[in-house]
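Trainee: Chains U and B, in that order, give the protein sequences. Using this note's numbering, the first residue of the first sequence is number -3, and each one after it goes up by one. Using this note's numbering, the first residue of the second sequence is number -3, and each one after it goes up by one. One structure, as structure tokens, below. Some questions next.
2 protein chains.
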Amino acid sequence: MPPGFESSRYGHGLDLGRAEATVLFDVLQDCAACRSRHAFLALLPKLGALLSFDHALALAGRLDRGVATTTDCVVAGFPEGWLRDYAASELPGRDALVARGFAGRGPCQWSDAGAGLEEPNALALCRDHGLRCGHVAGHGPLLGSSCSLFCFTGTRGREDRRTAALLRFLTPHLHLAFQLALAVSEPPPGGDAGLTRREREVLGWLKEGKSSWAIGMLLGISERTANFHVANIMRKLGVANRAQAVAAAIARGVIDAG
Amino acid sequence: MPPGFESSRYGHGLDLGRAEATVLFDVLQDCAACRSRHAFLALLPKLGALLSFDHALALAGRLDRGVATTTDCVVAGFPEGWLRDYAASELPGRDALVARGFAGRGPCQWSDAGAGLEEPNALALCRDHGLRCGHVAGHGPLLGSSCSLFCFTGTRGREDRRTAALLRFLTPHLHLAFQLALAVSEPPPGGDAGLTRREREVLGWLKEGKSSWAIGMLLGISERTANFHVANIMRKLGVANRAQAVAAAIARGVIDAG
DNA sequence: TGCGCACCTGTCGGAACTGACAGGCCCGGG
DNA sequence: CCCGGGCCTGTCAGTTCCGACAGGTGCGCA
């Protein structure tokens, strides 16, 4: 009998009631179906039944040698004042909470964040704005190179091990949902750009660093024809050279990075 | 009160018992934490408690103008004979079940697959090998361009609407788990290849199709120095030219396709 | 039968890339 | 203090790319 069965409640270590289990299933379904910023935004309030918070914030970005760079964000109900003060502060780019989140070091809550959290961080600013409780959880890069950070805060809220366990469970799903939302919300302009099979084939060899002559050999056509295909590829993708063509083709999913 | 609460069982439309709900949570946690083919393989048997099957198969590939190409697969317990016969048949590359799955057209089971499913497909072959029940579910490209297909079959098994609903719920999570497993199981050789900040900066402009002269302008250095950085990038990545450098950098996650 | 399209081939010249030479400045660690 | 590394600059020769010219074949469709 699996360990979870010993408890009268559900989820390994999550200690969920029946209503919460149903909400969680709902949220997980939404996570996998998240295809826009709006869908992601709509997903956040549902978490309120599980985590109990007033405001939520999701950041996407990168962590490079300990320095966190934010590239995108979705805000759900954070106070205007807080946002303004945060932007005006020295925090953006140096917030230790963000760096910790992007590193995927596990959830962290206001009550335990004080100890062991480097300065500067947004904790004091949150308390100044009356956001007395909160959780931050993040995730490192997964399918792609982008990290995520999720912050749930407000005047009330539970800060216990159960909530931490729930966040630990949810964060990877939220990360994937967020990445999906951001990836799909900016759809590649023009899909596959109407590239022909031959042109995709040529792109595949361009990606491998082959010269026109080599591509001609590989495809059994003349070097000139390989050049002809490359020119058409560049024209259709609207790019200036082969390097950009490869990047654009990968970005649009015409070929994969492999 | 959300609709799910009206039922004495859990999950919107999934109609799960307590034990099944716990298994499902467990599986979902594993999905988000899946980092290797082995982890994905270990995840499949757990589904047995929910779907009841003997053999499982996961395919990754692409769908191009209705033609499915399989690039990778993970097999859990399929009979040797079946695999041999399938490989020897005309099916690989033309199996309508695979094409349907890669198109993400929703789960499909043996009992209803006969009607409306194009030929050729693997159904007859499965029945020949005594695999009398089964489900196929697939998913289109999500974070990346790769599609997934999951096949659960055996001599026994439920083929009802509840199982279909469960598969519909699970498939996106399985797809992401599978993509994660494949993406991470072949780690980029050498990580960031020891590229310096400047070199990553140059790569970012290469990706945009800038010439050496333009990169020099943009970075406030001479054209020659830009060339110097490009040469070092190509040497470190072990590639032949800029186009391949861009592809390799994206594949390794040094820069993103953006 | 004509039309569009994918695919193929050729030449030419200027621009860009690639690799190898040789050197300079600045900074941190042994 | 020297050494290594990141970063910067230069020259030179050979290769490759890129755009624009002008064509040919085969296939499906109206």
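In this text, a Cβ means the ideal position worked out from N, Cα and C, and glycines have one as well.
According to the Cβ coordinates, are arginine 33 (chain U) and valine 70 (chain U) closer than 8 Å?
Mentor: In the first sequence, residue 33 (chain U) corresponds to position 37, counting from 1. In the first sequence, residue 70 (chain U) corresponds to position 74, counting from 1. Result yes, Cβ atoms of arginine 33 (chain U) and valine 70 (chain U) sit closer than 8 Å.
Trainee: In chain U, which residues lie with their C-beta within 7 Å of the C-beta of serine 202 (chain B)?
Mentor: Counting from one through the second sequence, the residue named residue 202 (chain B) turns up at place 206. As written in the sequence, residue 202 (chain B) is leucine, which differs from the serine given in the question. The answer, in chain order, is Ala239.
Trainee: Can the beta-carbon of phenylalanine 165 (chain B) be found closer than 8 Å to that of leucine 53 (chain B)?
Mentor: As a working mapping, residue 165 (chain B) is identified with position 169 in the second sequence. As a working mapping, residue 53 (chain B) is identified with position 57 in the second sequence. No, Cβ-Cβ distance for phenylalanine 165 (chain B) and leucine 53 (chain B) is not below 8 Å.
Trainee: What in chain U is Cβ-close to phenylalanine 165 (chain B), meaning under 7 Å?
Mentor: Translated into positions along the second sequence, residue 165 (chain B) becomes position 169. Residues of chain U passing the Cβ test: Gln25.
Trainee: Taking all protein chains shown into account, do 16 or more other C-beta atoms lie within 10 angstroms of the C-beta of threonine 257 (chain U), making it buried, or fewer, making it exposed?
Mentor: Any property of residue 257 (chain U) remains undetermined from this structure, which presents chain U solely from -3 to 254.
Trainee: Go to phenylalanine 148 (chain B), then tell me how far its beta strand (DSSP E) extends in each direction, as first and last residue.
Mentor: Residue 148 (chain B) sits at position 152 when you count from the first residue of the second sequence. Counting along the chain, the beta strand (DSSP E) containing phenylalanine 148 (chain B) begins and ends at 143 to 150.
Trainee: Can you say whether proline 103 (chain B) is buried or exposed, counting buried as having 16 or more other CB atoms within 10 angstroms of its CB?
Mentor: Here the question's residue 103 (chain B) lines up with position 107 in the second sequence. Per the 10 Å Cβ criterion, buried.
Trainee: Using the three-state DSSP reduction, which class does proline 183 (chain B) fall into: helix, strand or coil?
Mentor: For the purposes of this step, residue 183 (chain B) is taken as the residue at position 187 of the second sequence. Residue confidence is low: proline 183 (chain B) scores 47 on pLDDT, short of 50, so the model does not pin down where it sits. No coordinate-derived value is stated.
Trainee: What does a CB cutoff of less than 6 Å around arginine 158 (chain B) pick up in its chain, not counting 5 residues either side in sequence?
Mentor: The residue you call residue 158 (chain B) lines up with position 162 of the second sequence. The answer, listed in chain order, is Asp11.
Trainee: Between the segment 12 to 24 of chain B and the segment 112 to 129 of chain B, do three or more beta carbon pairs fall short of 8 Å?
Mentor: Not touching, per the Cβ criterion.
Trainee: In this structure, how does DSSP classify histidine 169 (chain U) when only helix, strand and coil are distinguished?
Mentor: What you label residue 169 (chain U) is simply residue 173 of the first sequence in a count that begins at 1. Residue state, collapsed to three classes: helix.
Trainee: Quick one, which of U:Ala243, U:Ala179, U:Glu155 has its alpha-carbon nearest serine 142 (chain U)'s?
Mentor: By 1-based counting over the first sequence, the position of residue 142 (chain U) is 146. Considering only alpha carbons, the answer is U:Ala179.
Trainee: If you measure from the CB of leucine 178 (chain U), is any heavy atom of the ligand GDP nearer than 7 Å?
Mentor: The model on display carries no ligand, and the ligand GDP is accordingly not part of it.
Trainee: Going by DSSP in three states, aspartate 22 (chain U) sits in which element: helix, strand or coil?
Mentor: Looking up residue 22 (chain U) in the first sequence gives position 26. DSSP places aspartate 22 (chain U) in helix when its eight states are reduced to three.
Trainee: Between the segment 201 to 208 of chain B and the segment 237 to 250 of chain U, do three or more beta carbon pairs fall short of 8 Å?
Mentor: Yes: the two stretches touch, three or more of their Cβ pairs being nearer than 8 Å.
Trainee: What did DSSP end up calling alanine 133 (chain U) once you bin it into helix, strand or coil?
Mentor: Numbered from its first residue, the first sequence carries residue 133 (chain U) at position 137. It is a strand residue.
Trainee: Just the C-alpha distance for glycine 254 (chain B) and alanine 133 (chain U), rounded to the nearest angstrom, thanks.
Mentor: Start at 1 with the first residue of the second sequence, and residue 254 (chain B) comes out as number 258. Start at 1 with the first residue of the first sequence, and residue 133 (chain U) comes out as number 137. When rounded, the distance between both Cα atoms is 25 Å.
Trainee: Assuming lysine 42 (chain U) and valine 19 (chain U) are in contact, meaning their beta carbons sit under 8 Å apart, how far apart are those beta carbons, in whole angstroms?
Mentor: Numbered from 1 along the first sequence, position 46 holds the residue referred to as residue 42 (chain U). Numbered from 1 along the first sequence, position 23 holds the residue referred to as residue 19 (chain U). Indeed, because the Cβ distance is near 6 Å, the residues count as touching under 8 Å.
Trainee: Would you say leucine 138 (chain U) faces chain B, with C-beta separation under 8 Å as the test?
Mentor: In the first sequence, residue 138 (chain U) corresponds to position 142, counting from 1. Yes, leucine 138 (chain U) counts as interfacial toward chain B.
Trainee: Terminal residues of the continuous beta strand (DSSP E) containing alanine 99 (chain B)?
Mentor: Taking the first residue of the second sequence as 1, we reach residue 99 (chain B) at position 103. First-last for alanine 99 (chain B): undefined, no H or E at that position.
Trainee: Assign glycine 234 (chain B) to buried or exposed, taking buried as 16 or more other Cβ atoms, counted over all protein chains shown, within 10 Å of its Cβ.
Mentor: Taking the first residue of the second sequence as position 1, residue 234 (chain B) is located at position 238. Its Cβ having fewer than 16 others within 10 Å, glycine 234 (chain B) is exposed.
Trainee: Spatial neighbours of alanine 245 (chain U) within its chain, please: CB distance less than 7 Å, with the 5 preceding and 5 following residues excluded, ordered by chain position.
Mentor: By one-based count along the first sequence, residue 245 (chain U) stands at place 249. Leu199, Leu233, Ile251.
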